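Participant:
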Amino acid sequence: MDNFFDICIGDIPVKSPVAVASMAGITDGSYISDLADYIGIGFIGGYAIDEKTIHAAKDLIRQGRDEFLPGNVTEEIRKQVALVQKSGVVPGVNIRASEAGSLVTLARELGNGIIYEIDAHCRQKFMIDAGCGEYLLLHQEKLVSYVQALKIAGVLVSVKIRAGVASDDPELARLLWRAGADILHIDLMEFTHEYIRKIRNVTPIFIIANNSINTFEKAKEIFAHGADMVSLARQSDPVTLKTLNETITQYTREHGWYNAPKQLCRGGDIRSLAFCCMPVKPCPLLPTLDKYQISPQEFVSVKQEGVRGTPLEQGANTCFGSLAYCCKDTTPCMFRDSTLKQEGIRRSVYMNLKRDLSRKIMQHIFS
Ligand SMILES: Cc1cc2nc3c(=O)[nH]c(=O)nc-3n(C[C@H](O)[C@H](O)[C@H](O)COP(=O)(O)O)c2cc1C
Ligand code: SF4
Ligand code: SF4
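This is the structure:
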């Protein structure tokens, strides 16, 4: 059951696609431990880790805001991370830093097994003046240097952003992915699934979507457009998280691939090429292949290579002679279903095989 959803960050398995997002002064090790049964990643903090950001945190406290301000921040994070790890949840630490050097020092002190999340999200003026939070979205060369410094230190990196602040979020997403970031954690604000689709279509980076995603319906919509996880902060209570985790688990038992995309012709993202037909008719497939500079012949060979030696090679009675070209399990089709029945392949297994195919196609596109 441990990697039921087949989610890994680096080589760390994650047991649920639901996370808790950080809230300064609130989300610490015991906060996450209390919710451990329902979540895969717990982001503690944010912690101010150097002189300028600690100064900003003190200013915020004077204004009446909650902040973590321990005497020894490295030891405090070490202690809180240990609590999260003990509860079986992957620890993420949301960090406010004013320079790359302080991030690297922290990473050297605390080592691996932790996701270091750069806070490029905070919009409090004191933090922005200290050169962190939103400042980084407007000074992207500095943000990229943070990511690179942490990657050189050999640790896992997440970047927490607020949608709509940078001038071009898909371009920023590509920049961060190329710099080596493992996760893009996005506070969507008022943006919808369409925003996630745009990010997914330009980068294979692991996406955590955030902001008021507190029901299964909302999570499903976001998953179907490219998110890998959802996170909650204000409504990270046991009832909401338990319900979300249980419903997603139940859905996945029946359908497999918990974040399967919609079909391309129904507004699906680039992962949906795994469900596309042979490129033989006028439909959104040909212009999409053209956009990614993939010839129809190349597409056919990527599909055929991708399913070689797997049960998706079967399907002589389907439209294109192979399950490689077949639709989502939720699209009714007696030809596909009779093949699956004949081969003894459950729907959930079929969809998981499609996920494997989709990963190969993504690798081909983005390598
Ligand atoms: C009290 C409070 C403190 C927060 N502190 C942080 C923080 O330190 N770092 C950060 O990246 N986001 C912080 N956030 C933003 C949340 O992680 C999250 O992005 C936002 O609340 C929207 O998600 P939600 O609708 O699930 O609450 C904070 C939010 C709240 C309400
Ligand atoms: S190839 Fe098939 S599934 Fe893909 S967009 Fe065209 S009609 Fe839709
Ligand atoms: S056989 Fe059915 S599932 Fe397969 S491509 Fe044709 S319509 Fe889609």
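So the working numbering is basically just the index in the sequence shown, starting at one, shifted up by 76. Cβ atoms here follow ideal geometry from the backbone N, Cα and C, with glycine treated the same way. Predicted model, so just to flag it, every value in this text is computed and none were measured.
Based on Cα-Cα distance, which residue from 164, 167, 165 and 181 lies nearest to residue 149?
Facilitator: Residue mapping note: residue 149 aligns to position 73 of the sequence shown, counting from 1. Residue 181 is the option with its Cα nearest to residue 149.
Participant: Sort out for me which residues DSSP pairs residue 261 with in a bridge.
Facilitator: Locating residue 261 in the sequence shown gives position 185, counting from the first residue. For residue 261, which the question treats as bridged, DSSP gives the partners 236 and 284.
Participant: Ends of the alpha helix (DSSP H) at residue 96?
Facilitator: For this step, residue 96 is matched to residue 20 along the sequence shown. No alpha helix (DSSP H) contains residue 96, which is instead part of the beta strand (DSSP E) from 94-96.
Participant: If you compare alpha carbons, which of 221, 263 and 228 is closest to residue 240?
Facilitator: As a working note, residue 240 is residue 164 in the sequence shown. For the residues 221, 263 and 228, the minimum Cα distance to residue 240 belongs to 263.
Participant: Checking 8 Å against the spacing of the C-beta atoms, do residue 121 and residue 171 come in under that value?
Facilitator: Locating residue 121 in the sequence shown gives position 45, counting from the first residue. Locating residue 171 in the sequence shown gives position 95, counting from the first residue. A contact, by the Cβ cut-off of 8 Å.
Participant: Between the C-alpha atoms of residue 77 and residue 138, what's the straight-line distance to the nearest angstrom?
Facilitator: Walking along the sequence shown from the start, residue 77 turns up at place 1. Walking along the sequence shown from the start, residue 138 turns up at place 62. Because the pLDDT of residue 77 is 48, which lies under 50, any placement of that residue in the model is unreliable, and the number read from its coordinates should be weighed accordingly. Each residue's Cα considered, the two are about 46 Å apart.
Participant: Let me make sure I understand the geometry here. Which of 379, 140 and 79 has the alpha-carbon closest to that of residue 100?
Facilitator: Against the sequence shown, residue 100 aligns to sequence position 24. Among 379, 140 and 79, the Cα nearest to that of residue 100 belongs to 140.
Participant: Could you give the distance in angstroms between the alpha-carbon of residue 235 and the alpha-carbon of residue 244?
Facilitator: Start at 1 with the first residue of the sequence shown, and residue 235 comes out as number 159. Start at 1 with the first residue of the sequence shown, and residue 244 comes out as number 168. Approximately 16 Å between the Cα atoms of the pair.
Participant: Provide the residue(s) that pair with residue 305 in DSSP beta bridges, ordered along the chain.
Facilitator: Locating residue 305 in the sequence shown gives position 229, where the first residue counts as 1. Looking at the DSSP assignment, residue 305 forms a beta bridge with 284.
Participant: Give the DSSP-derived three-state secondary structure of residue 188 in the structure shown.
Facilitator: Start at 1 with the first residue of the sequence shown, and residue 188 comes out as number 112. Coil at residue 188, not helix or strand.
Participant: Spell out a yes or no on whether the segment 337-354 and the segment 304-322 are touching, meaning 3 or more CB-CB pairs, one atom from each, closer than 8 Å.
Facilitator: They do not touch, by the three-pair rule.
Participant: Any idea which residues DSSP pairs residue 196 with across the strands?
Facilitator: Counting from 1 along the sequence shown, the entry for residue 196 is found at position 120. Per DSSP, 237.
Participant: For ligand 1, is there a heavy atom less than 7 Å away from the beta-carbon of residue 148?
Facilitator: Within the sequence shown, the letter at position 72 stands for residue 148. False, no ligand heavy atom lies under 7 Å from that Cβ.
Participant: Residue 194 and residue 211 - do their beta-carbons sit closer together than 8 Å?
Facilitator: In the sequence shown, counting from the first residue as 1, residue 211 sits at position 135. In the sequence shown, counting from the first residue as 1, residue 194 sits at position 118. It is not a contact, given that the beta carbons lie outside the stated cut-off.
Participant: Answer with buried or exposed for residue 359, where buried requires no fewer than 16 other C-beta atoms within 10 angstroms of its C-beta.
Facilitator: Sequence index remark: in the sequence shown, residue 359 carries index 283 (1-based). Exposed, because fewer than 16 other Cβ atoms sit within 10 Å of the Cβ of residue 359.
Participant: By alpha-carbon positions, which one of 434, 378 and 399 ends up nearest to residue 391?
Facilitator: Along the sequence shown, one-based indexing puts residue 391 at 315. The residue with the shortest Cα to Cα distance from residue 391 is 399.
Participant: Answer yes or no: do residue 386 and residue 416 have a C-beta to C-beta separation smaller than 8 Å?
Facilitator: Numbered from its first residue, the sequence shown carries residue 386 at position 310. Numbered from its first residue, the sequence shown carries residue 416 at position 340. No; because the gap between Cβ atoms is not below 8 Å, this pair is not in contact.
Participant: At what residues does the alpha helix (DSSP H) containing residue 329 begin and finish?
Facilitator: For this step, residue 329 is matched to residue 253 along the sequence shown. It spans 314-331 - the alpha helix (DSSP H) in which residue 329 sits, taken as one unbroken run.
Participant: Let me have the residue list for ligand 2: C-beta closer than 6 Å to any non-hydrogen atom, ordered along the chain.
Facilitator: Answer in sequence order: 339, 340, 341, 351, 352, 353, 359, 360 and 361.
Participant: Is the beta carbon of residue 209 closer than 8 Å to that of residue 200?
Facilitator: Within the sequence shown, the letter at position 124 stands for residue 200. Within the sequence shown, the letter at position 133 stands for residue 209. Yes, these two residues count as a Cβ contact at 8 Å.
Participant: Taking 7 Å as the cut-off, is the C-beta of residue 84 nearer than that to any heavy atom in ligand 3?
Facilitator: Against the sequence shown, residue 84 aligns to sequence position 8. Residue 84 Cβ: outside cutoff for every heavy atom of ligand 3.
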